[in-house]
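Last residue of the first sequence: number 235 in this note's numbering, and the count goes up by one each step with no gaps. Working notes for the structure below.
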Amino acid sequence: MRKAPSDFFNHVYAIVAQIPHGCVLTYGQIAAMAGNPRAARIVGYAMNSAPDDRDLPCHRVVNRIGEMAPGLIFGGADRQRAMLEAEGVTFKPDGCIDLDKHLWWPKK
DNA sequence: ATGCTGACAGGAG
DNA sequence: ACTCCTGCCAGCA
Numbered sequence: 128m129r130k131a132p133s134d135f136f137n138h139v140y141a142i143v144a145q146i147p148h149g150c151v152l153t154y155g156q157i158a159a160m161a162g163n164p165r166a167a168r169i170v171g172y173a174m175n176s177a178p179d180d181r182d183l184p185c186h187r188v189v190n191r192i193g194e195m196a197p198g199l200i201f202g203g204a205d206r207q208r209a210m211l212e213a214e215g216v217t218f219k220p221d222g223c224i225d226l227d228k229h230l231w232w233p234k235k
């Protein structure tokens with residue numbers, strides 16, 4: 128039984144892995160779901176350490192403004208943008224994701 | 001064991 | 001309105 132690195136990390140992975148297509152989540156949002164609204168940074172760290180075993184759609188995880196990392200992601204922010212658009216996510220001329228439309232809320 | 005860093009968020013100036 | 005700084009939590013050296 129896969130020993131979890133941490134309940135927190137495990138929780139984050141579970142949440143991210145359940146994000147539906149065409150939707151995105153913010154680190155703070157995920158952190159709050161995991162139980163630590165203050166651990167937004169940890170969520171990002173978890174993504175960095177994110178094992179591909181989990182098939183983590185880290186490209187659906189963005190910061191509060193809907194912008195992705197400078198390019199530390201799986202292949203490039205530009206790559207992520209194309210990926211999200213392919214799922215139905217729209218971007219603002221600013222280059223940020225339209226959180227107002229695609230911000231996933233698990234029960235609201 | 002301690003300190004530093006880090007895919008963020010939020011408050012203050 | 002925008003920008004800068006601090007705070008928080010967990011992993012890693």
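Quick reminder that beta carbons are idealized off the backbone N, C-alpha and C, glycines included. All of these numbers come straight from a predicted model, not from anything done at the bench.
Pick from the options that is closest to residue i, judged by C-alpha positions
i: I146; options: H138, G202 and R187; result: R187
i: I157; options: F136, R208, A213 and G202; result: F136
i: R191; options: D227, R206, F201 and I200; result: D227
i: D182; options: P233, V139 and W232; result: V139
i: P220; options: R208, L230 and E214; result: R208
i: D179; options: I224, C223 and A141; result: A141
i: M160; options: S133, V143, Y172 and N175; result: V143
i: A196; options: N175, G215 and E212; result: N175
i: W232; options: V151, S133 and A167; result: V151
i: P184; options: E194, F201, G155 and G193; result: F201
i: D205; options: G222, E214, G215 and T217; result: G222
i: S133; options: G149, T153, A177 and G155; result: A177
Three-way DSSP call (helix, strand, coil) for residue i in this model
i: P184; result: coil
i: F136; result: helix
i: I224; result: strand
i: V216; result: coil
i: A161; result: helix
Residues bridged to residue i [DSSP beta-bridge criterion]
i: V151; result: L230
i: V143; result: Note: V143 sits in no beta bridge, so no partner.
i: V189; result: T153
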